[in-house]
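Residue numbers (this note's numbering): 1 to 296.
A virtual CB, placed ideally from N, CA and C, is assigned to each residue, including glycine.
If you want it as structure tokens, here you go:
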């Protein structure tokens with residue numbers, strides 16, 4: 001505690017009355033009485049349900065996509081592929097000038113991880129969308145994949161992400177975001193012992209009670225209201241604006257109530273494709289992850 005207080009000692013203020021003080025949660029009564037409204041509680045007449053066709057491979061080239069049988073399935077209204085997304089390749093960090101854009105909304109020509117979204121199916125019911133998605137035929141040419149960082153860094157390793165040109169990412173946070181304390185090299189030079197070791201940890205699924213999702217309602221005049229459980233409201237709104245090439249003034253995001261997130265919903269995941277579906281069909285759209293999708 002004393003070490004922490006030594007930082008910025010000349011500008012610290014410890015006599016605050018609100019910041020740092022315990023306060024009762026204003027949302028507790030709604031949670032314990034069941035009155036809190038979550039995004040999935042919204043239901044609109046004529047609402048469509050969106051389901052994804054996802055890659056079964058870790059790394060593969062897409063030879064072709066055949067949606068003809070899926071289009072004939074009862075209840076199907078619209079099927080979307082990469083060509084339908086105005087700005088399909090993006091990165092969520094472009095808002096803070098960190099690139100390059102290297103992630104696709106819908107896979108275009110290639111998939112780079114198992115579970116990557118390839119085709120979006122919109123139908124009258126969730127079941128119809130799921131059944132139609134199973135009828136989409138994607139012809140893959142399976143490519144060598146990388147599952148280990150050391151293997152991925154070898155000169156002859158399969159190149160997974162062409163947008164970088166190599167299997168590692170050069171991160172430059174910019175001078176304005178760098179914070180430094182002390183002399184690292186002096187610390188090493190004066191150390192009695194230096195221990196070096198490699199550690200590995202398994203991926204962790206946050207497992208929120210409520211899976212990721214949103215409900216979108218067209219409002220007229222090319223405006224859309226998106227009820228979402230994102231943990232980064234304006235980050236998601238701004239990135240959606242870039243992906244859909246729409247002014248942010250046309251997008252109204254409603255959120256704030258998240259059924260568990262733990263940081264896993266600080267991303268741009270479901271909103272752009274759901275809003276695009278609503279835009280192209282003129283109808284409300286519901287897109288909610290299954291538990292399997294959440295864990296991918």
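With fewer than 16 other CB atoms across the displayed protein chains lying within 10 angstroms of its CB, residue 35 is exposed. Under the DSSP assignment, residue 66 falls in the beta strand (DSSP E) whose first and last residues are 60-66. Within the DSSP secondary-structure output, residue 218 pairs in a beta bridge with 224.
Restricting attention to 143, 24 and 195, the CA atom closest to the CA of residue 63 is found in 143. When DSSP reads this structure, residue 38 sits in no beta bridge, so it has no partner. Collapsing the DSSP output to three states places residue 75 in coil. Shown here for residue 239: same chain residues with a beta carbon closer than 8 Å to its own, the five before and five after excluded, namely 90, 92, 94, 95, 268 and 272 in chain order. Sorting 260, 110, 233 and 224 by C-alpha distance to the C-alpha of residue 244 places 224 at the top. With fewer than 16 other beta carbons inside 10 angstroms of its own, residue 17 counts as exposed. Residues 88, 104, 106, 107 and 108 of the same chain have their beta carbon placed closer than 7 Å to that of residue 82, with the five preceding and five following residues left out of the count. Rounded to whole angstroms, the Cβ separation of residue 277 and residue 78 is 6 Å, and the two are in contact under 8 Å.
Between the C-alpha atoms of residue 57 and residue 134 there is a straight-line separation of about 16 Å. Counting along the chain, the unbroken alpha helix (DSSP H) around residue 295 starts and ends at 291-295. Per DSSP, residue 181 lies in no beta strand (DSSP E) segment and is marked neither H nor E.
Taking 7 Å as the cut-off, the Cβ atoms of residue 214 and residue 179 do not count as close. For residue 288, the pairing in a beta bridge is given by DSSP as 213.
Per DSSP, the continuous alpha helix (DSSP H) segment holding residue 129 begins and ends at 126-133. Taking residue 130 as the centre and dropping the five residues before and after it, the same chain places the C-beta of 51 closer than 7 Å to its C-beta, in chain order. The three-state reading of DSSP puts residue 233 in helix, counting H, G and I together. Burial of residue 55 is indicated by the presence of at least 16 other C-beta atoms within 10 angstroms of its C-beta.
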